[in-house]
Amino acid sequence: MEDCIFCKIINKQIPSVFIYEDDKCAAFNDIHPKAKHHFLIVPKKHINAVSDIKEEDSALMGHLIFVAKKLGVEKKLDYYNLQFNVGRGAGQEIFHVHLHLMSNA
39 MEDCIFCKII NKQIPSVFIY EDDKCAAFND IHPKAKHHFL IVPKKHINAV SDIKEEDSAL
99 MGHLIFVAKK LGVEKKLDYY NLQFNVGRGA GQEIFHVHLH LMSNA
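Start counting the sequence shown at 39; every next residue gets the next number (my numbering).
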C-alpha cells in the first residue's frame, strides 16, 4: 500500500533495523515502546486490520505468533504479552496488521 509506513519499512524505503525477517514477515523495535522489550511483528502482505483477515491469511497469522515465540526464546524472555489492536478505538494507530510482543523481563 502506497502510504503505509509499515509497507515502506518492509520494502526498505524507510530505514529500520530488523531483529527478524523471513519471506512472510519482519520484526523490529517499536519506536514508542510500552515495555523494556517491545517488538512489532509485521506481515509483508498488507492487511489493514485483524478484522480484514480472510481465511487464506490464517497460516500467515499463525506464523506471526510462531515468530513471536522464536523471538521470546532468542531474547531469553521469561514472560511476555502478545497483543493485536483492532481498530482506532482499541489503539490501532497504523492500519497494517501487526503483533506487539511486550515484556519487562
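Ideal Cβ positions, reconstructed from N, Cα and C, are used throughout, including at glycine. Fair warning: this is a prediction, and the values are worked out from it, not measured in the lab.
Checklist entry - Contact between the segment 78 to 93 and the segment 135 to 143: three or more CB pairs below 8 Å? => result When C-beta atoms of the segment 78 to 93 are compared with those of the segment 135 to 143, three or more pairs fall below 8 Å, so the two segments count as touching.
Next on the checklist: As an exercise, report each continuous beta strand (DSSP E) stretch of at least 3 residues that is fully enclosed by the segment 76 to 124, in chain order.
Outcome noted: 119 to 121
Next on the checklist: Let me check understanding here. Comparing Cα to Cα, which of F44, A128 and K107 lies closest to L120?
Outcome noted: K107
Item to check | Candidates D61, F56 and K62: closest to D68 by CA position | outcome: F56
Checklist entry - Between which two residues does the beta strand (DSSP E) containing I196 stretch? => result Lying before the first or after the last residue shown, residue 196 is absent from the chain, which here runs from 39 to 143.
Item to check | Beta-ladder partner(s) of A64, from DSSP | outcome: E59 and V80
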